[in-house]
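First comes the structure, then the notes that go with it.
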Amino acid sequence: MIKKFDKKDEESGSGSNPFQHLEKSAVLQEARIFNETPINPRRCLHILTKIIYLLNQGEHFGTTEATEAFFAMTRLFQSNDQTLRRMCYLTIKEMANISEDVIIVTSSLTKDMTGKEDVYRGPAIRALCRITDTTMLQAIERYMKQAIVDKVPSVSSSALVSSLHMVKMSFDVVKRWVNEAQEAASSDNIMVQYHALGLLYHLRKNDRLAVTKMLNKFTKSGLKSPFAYCMMIRIASKLLEETEGGHDSPLFDFIESCLRNKHEMVVYEAASAIVHMPNCTARELAPAVSGYTTSYKYIATLAITTLLKTGSESSVDRLMKQISSFVSEISDEFKVVVVQAISALCQKYPRKHSVMMNFLSNMLRDDGGFEYKRAIVDCIISIIEENPESKETGLAHLCEFIEDCEHTVLATKILHLLGKEGPRTPTPSKYIRFIFNRVVLESEAVRAAAVSALAKFGAQNDDLLPSVLVLMKRVNEQRNEWLLNGLFAGLSVSVPGLEKSLHQYTLEPSEKPFDMKTVPLATAPITEQKTEIAPVATSKLPEKLAPSRQDIYQEQLAAIPEFKGLGPLFKSSEPVQLTEAETEYVVRCIKHTFANHMIFQFDCTNTLNDQLLQRVLVQMEPSEAYEVLNYVPAPSLPYSQPSSCYSLVRLPEDDPTAVSCTFSCTMKYLVRDCDPNTGEPDDDGYDDEYVLEDLEVTVADHIQKVLKPNFGAAWDEIGDDNEKEETFALATVRTLDEAVNNIISFLGMQPCERSDKVPENKNSHVLFLAGVFRGGHDVLVRARLALADGVTMQVTVRSTDENVVDVILASVG
């Protein structure tokens, strides 16, 4: 039997061959549909494909069964489907030697060959010549001559190639077509000219004088086809070898002239012919080597960079010397390839970074465009990040480069790196001069980056602070909050979200200044193990920031009309399961928090193949002052096809501290019973419901994590205007570790300065937490923990909004 493959098999990516289980007898049985009326082109085309596949796999067809299939196939000429007709031509060629009486299709092929459909004529010629024998050749000679000089290139090429094949069968008949072949050789089409030259050569190859005359004719008249030139070079080389001609021969002059051809394939063919000539002198080789020079460097570059990527560690030094000899003479495009190979090599063999760094620094001094220089800078930055011992060397090379760098993007990138890495080196002062030169000499963007980098040196190094303050007159004489906190906080908002918000602001002109609090925060959790400031882009990072999970949700929700005007999405929770694992319906909820509203997204899956659910929604009953405003149902929930429904809830306006709430949830829907096999639903349905687990909203759903690298500076910056403090006893908690983890999880805030790590054998600990409450209000928590019979916690909260302080304390209490 024949295995059926459906779309799922194709999409599975398994790489299965849909024809691997074909059986000849089954395919021949299927071929009987060729006799059906009307003809089904699609099915017949599929069966012909199977027959050709089996033939090419070496499947043996007996004469009788092949002839029967062939005769059935001839009926398909009644169809006007172009694809089916061309497949018939192909099948005729494949079955010509195993079927009897194949000449019965001669009249059909001759009709197509001389017809008005150009798409049929070429393939029909090739098929006809495949089944023609010596007794029939003269009958089609007139048609072949006409086809050779036909104005349609595909027809002419088909006739010429077919004639070349028939030379072996009936040389004398084909030889009478020389005049037509010579006319085709003057065609403007490069393939027709090439095929005509090939036929002429094979008709004359046993006559050296005739071949010589042919070469003289075409070398004088010129050719348009680079393929024909390559054939001429090979013919000339063969004649030179047979006659033992040297560089004084006109044939050699012709080959040498081809070294100046505009087509690379002709240049390569000519150079190869000269190099392989026996007894070739240095004078004769010189033009060939000259013709190779430019292209050789490109090929050599690719070859050596390939060796760099695949070779052993011991071969690196030798290969680098080889590249150094000609890297300055290749184009920037190939220089970038070299740099990419070096970058990959540094990751593979870290011990060779010093060799690579020296080579890259020399390349950095050479002339080159922006892409080339950027590739080098990115490679050096990658080496610095992956090999700490190479940091000072790499920074020194980059400092030297920015002295003469004309690319603003690269200069600002390097200054950003210096501000990040420079203060951590043993002698940070040596970088100050290079940075300050940029403040004095460069454009606004570079100067701004230089000022920022200088500030970071002063903020992290007490010894350098006085010098930095002198250089930066606009910075106060104290280590203020902006210097210590603002520079290192980075951009805590979502970059794609900021872009969209700014674009929207420009579309709606307003006298009110742009408010950063309207921009959604970045959702990726930031840990102190990562760099405190935005990472420097390297060659391994994408040019454009990919949208985050929250950015995707923001776009999806904004497309729903019922949710217009809610403002930016503040936070999206992780999915919460509202059903058991093995139930008939699977429901999970994602909580989306806005400034004054929440959207509950219920992702539902129907696991029953005998039911279709329609108008699916989740009805919610809140325990607190939350108000359900609107439901957006899922129109349909077929078997095993997830879909989403939504509930829009208004947050309490009268009581800002009422952030926690429990919702009882019930899924309601219309059920239509289905046939499990076909999925066809009944006409009538009935209403039903399914009780889900309760859903909780906690204080963590209203807070986004944000990192404050210098918690003390951030604490002082907010000030004590809205500070409140309370003490709590955590009776059920037995260890400080457990207390810390519970507090972080409950509040959903970011631990700062590694305060989430409790030292061993300690009876007290201080936990620092930072976050942003919905609406854009900063909030900081300092929790002093003491271990006795249980854990006692003194909580101090500061925020830019007094209500937020009350929310935190009320939630903890």
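To convert, note that position 233 of the sequence shown is 1421 in the numbering used here; the numbers rise steadily by one, no gaps. Backbone N, C-alpha and C fix where the C-beta goes; we use that ideal spot for every residue, glycine too.
Return the residue from the list the options that minimises the CA-CA distance to residue i.
i     : options                       : result
L1507 : I1518, F1522 and I1530        : I1530
I1590 : V1954, V1887, P1611 and R1626 : R1626
Q1217 : T1225, F1207 and I1239        : I1239
T1600 : A1584, A1638 and V1463        : A1638
E1913 : I1931, D1882, R1972 and A1958 : R1972
T1322 : M1357, M1301, Q1334 and H1209 : M1357
L1657 : I1620, V1967, Q1692 and S1631 : I1620
V1960 : I1996, Q1789 and G1978        : I1996
L1757 : E1948, T1793, S1413 and G1963 : G1963
C1567 : A1584, V1597 and A1532        : A1532
S1409 : I1443, I1564, H1390 and A1373 : A1373
Count the other CB atoms, across all protein chains shown, that sit within 10 Å of the CB of residue i; report buried if there are 16 or more and exposed otherwise.
i     : result
A1769 : exposed
E1609 : buried
F1522 : buried
V1985 : buried
E1432 : exposed
V1969 : buried
T1251 : exposed
A1712 : Low per-residue confidence applies at A1712: pLDDT is 45, beneath 50, and the placement is therefore not dependable, though the value from the model is reported in the following sentence. Under this definition A1712 is an exposed residue.
R1942 : exposed
E1665 : In this prediction, E1665 scores a pLDDT of 42, lower than 50, which makes its location untrustworthy; no coordinate-derived value is stated.
M1704 : exposed
Q2012 : Not covered by the structure: residue 2012. The range shown for the chain is 1189 to 2001.
M1324 : exposed
V1879 : exposed
F1249 : buried
Q1742 : buried
T1407 : buried
V1634 : buried
P1821 : buried
T1866 : exposed
F1790 : buried
T1726 : With a pLDDT of only 35 at T1726, under 50, the local geometry of the prediction cannot be trusted, and the value read off the model is given with reservation. By the neighbour-count rule (16 or more Cβ atoms within 10 Å), T1726 is buried.
E1731 : Residue placement at E1731 cannot be trusted, given a pLDDT of 45 that sits under 50; what the coordinates show is reported in the next sentence. It counts as exposed.
A1461 : buried
N1575 : buried
Q1245 : exposed
Determine whether the beta carbon atoms of residue i and residue j lie at a separation below 8 Å.
i     : j     : result
L1836 : I1778 : no
L1427 : L1439 : yes
L1388 : V1366 : yes
R1231 : I1221 : yes
M1855 : V1885 : no
I1906 : S1987 : yes
A1369 : I1423 : no
S1287 : A1327 : no
H1965 : D1989 : yes
L1800 : P1869 : yes
D1889 : S1761 : yes
C1853 : L1766 : yes
K1540 : V1565 : no
L1210 : L1242 : yes
G1978 : L1918 : yes
S1351 : G1310 : no
M1544 : I1571 : yes
Write down the C-beta distance between residue i and residue j rounded to the nearest angstrom, noting that I regard them as a contact closer than 8 Å.
i     : j     : result
S2021 : V1380 : The structure shown does not extend to residue 2021, since the chain is modelled only from 1189 to 2001, so the question has no answer here.
Q1270 : I1227 : Actually they do not touch by this definition, with Cβ atoms about 14 Å apart.
L1606 : A1641 : 5 Å
T1262 : V1293 : 6 Å
Y1456 : E1501 : Not confirmed; about 35 Å, so no contact.
V1463 : Y1417 : 17 Å between Cβ atoms; not a contact.
L1659 : F1624 : 6 Å
H1604 : F1558 : Actually they do not touch by this definition, with Cβ atoms about 18 Å apart.
T1793 : P1830 : 5 Å
N1223 : A1260 : 6 Å
V1847 : S1999 : 7 Å
S1824 : Q1802 : 5 Å
Taking contact to mean 3 or more Cβ pairs, one atom from each stretch, closer than 8 Å, check whether the segment 1273-1293 and the segment 1305-1319 are in contact. yes
Per the contact definition of three or more C-beta pairs closer than 8 Å, is the segment 1928-1938 in contact with the segment 1950-1967? yes
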